[in-house]
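Visitor: The UniProt record's numbering numbers the first residue of the sequence shown as 1 and each following residue consecutively. No residue lacks a Cβ here, since even glycine has one placed at the ideal position from N, Cα and C. These figures come from a predicted structure and were not determined experimentally. Below are the structure tokens for one structure; questions will follow.
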Amino acid sequence: MIEILSPAQLDRARRTGALVGDILQTLRERSSPGTNLLDIDRWARDLILEAGAESCYVDYAPSFGRGPFGHWICTAVNDAVLHGRPHDLVLGDGDLLTLDLAVTLDGVAADAAISFLVGDSRPAESVALIDATERALAAGIAAATPDARIGDISHAIGTVLTDAGYPVNLEYGGHGIGSTMHQDPHVANAGRPGRGYRLRPGLLLALEPWVMADTDQLVTDADGWTLRSATGARTAHTEHTIAITPAGPEILTRATR
């Protein structure tokens, strides 16, 4: 299903996006060496419920997972990159943490992810990974103009990632979003320009470039959810929900402070 939102729905999407951005910013500020991933999950729960929103993850049970996800946020550390299930792990200085959050407010969902380094340590490889995903996201957003095609976004993202020297996995990528978290169209993180669905005002997309330092192969943890690099290499993942408007792409999940 591909949803095209009305102006009234888009206004609600802006509120949902701002909530997601602000929660991620708050969790980033609270995360430091000594923080437990279960604390982050609890903080996310409290912030979502205080806002009168609903988690897209607690009851999420797609075919590729193992039962309901059962947590409020995805927390991926170092070699973990996607669907990181919170567990009893204490963060250390220099850990690369990715937080991926999706909520629904007033019937509209928004989805975003940030990767950042915990504490004061700044390993060069990790800084480069995060920078590449952020630049790829910016390129993908810039390509998301009215009457462009999905392939134009995929090509823009993939060009940045491959030029930075990273292999690109095509199993998981961006997606449409609206009244539910995951919708068509799929937005791969590499592709051919001029191909695929033509963008229309009112379409919401969650764009999410992610990379692993030296491989495009994933392995799954025993929890049935957490995806890691097959080599144990570090990873990064950056995501925004955007709206296609007549004036161009609008980022909905930017923090308001």
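Using the rule of at least 16 other Cβ atoms within 10 Å of the residue's Cβ for burial, across every protein chain shown, is residue 50 buried or exposed?
Guide: exposed
Visitor: Within this structure, are the beta carbons of residue 157 and residue 190 separated by less than 8 Å?
Guide: yes
Visitor: Kindly indicate which three-state DSSP category residue 119 falls into: helix, strand or coil?
Guide: coil
Visitor: State yes or no: is the C-beta of residue 176 within less than 8 Å of the C-beta of residue 184?
Guide: yes
Visitor: My understanding is that residue 76 touches residue 84, with C-beta atoms under 8 Å, so please give their C-beta distance in whole angstroms.
Guide: 3 Å
Visitor: Can you look up residue 5 in the DSSP assignment and give me helix, strand or coil?
Guide: coil
Visitor: Ordered along the chain, which non-local residues of its own chain (more than five positions away) have a Cβ less than 8 Å from that of residue 171?
Guide: Contacts found: 218.
Visitor: Would the region 194 to 214 count as touching the region 57 to 74 if we require 3 or more Cβ pairs under 8 Å?
Guide: no
Visitor: Between residue 228 and residue 80, what straight-line distance do the alpha-carbon atoms span, to the nearest angstrom?
Guide: 4 Å
Visitor: Decide yes or no for the touch test of the region 109 to 118 against the region 224 to 243: beta carbon pairs closer than 8 Å, at least 3 of them.
Guide: yes
Visitor: Measure the C-alpha to C-alpha separation of residue 74 and residue 141 and round it to an integer number of angstroms.
Guide: 23 Å
Visitor: Taking CB distances under 8 Å as the criterion, tell me whether residue 164 reaches chain C.
Guide: Going by chain labels, chain C is absent from the structure shown, which holds only one protein chain.
Visitor: If you drop the 5 nearest sequence neighbours on each side, which residues of the same chain put their C-beta closer than 7 Å to that of residue 206?
Guide: 111, 174, 175, 177, 239, 241
Visitor: In whole angstroms, give me the CA-to-CA distance for residue 208 and residue 82.
Guide: 11 Å
Visitor: Since residue 188 and residue 212 are thought to touch, with beta carbons under 8 Å apart, how far apart are those beta carbons, to the nearest angstrom?
Guide: With a Cβ gap of about 16 Å, residue 188 and residue 212 do not count as contacting.
Visitor: Hey, how far is the Cα of residue 33 from the Cα of residue 94?
Guide: 8 Å
Visitor: Pull up the distance between the alpha-carbon of residue 118 and that of residue 20, whole angstroms please.
Guide: Distance between the alpha carbons of residue 118 and residue 20 is about 20 Å.
Visitor: Tell me which residues share the same chain as residue 146 and place their Cβ nearer than 8 Å to its Cβ, disregarding the 5 neighbours each side in the sequence.
Guide: 199, 200, 201, 244, 245, 246, 248
Visitor: Looking at residue 38 and residue 88, is the spacing between their C-beta atoms short of 8 Å?
Guide: yes
Visitor: Whole angstroms are fine: how far does the CA of residue 23 sit from the CA of residue 47?
Guide: Their Cα atoms are separated by approximately 7 Å.
Visitor: With distances taken from CA atoms, which of 132, 182, 31, 152 is nearest residue 235?
Guide: Looking from the CA of residue 235, the closest CA among 132, 182, 31, 152 belongs to 132.
Visitor: For residue 214, does the three-state DSSP call read helix, strand or coil?
Guide: coil
Visitor: With residue 170 as the anchor, note down where its beta strand (DSSP E) starts and where it stops.
Guide: Per DSSP, residue 170 lies in no beta strand (DSSP E) and is assigned neither H nor E.
Visitor: Go through the region 14 to 86 residue by residue and report every complete run of the beta strand (DSSP E) that reaches 3 residues or more, in order.
Guide: 74 to 77, 80 to 82
Visitor: With distances taken from CA atoms, which of 181, 159, 168 is nearest residue 103?
Guide: 181
Visitor: Smallest Cα separation from residue 153: which of 166, 250, 195?
Guide: 195
Visitor: When the Cα atoms are used, what is the spatial distance from residue 35 to residue 193?
Guide: 43 Å
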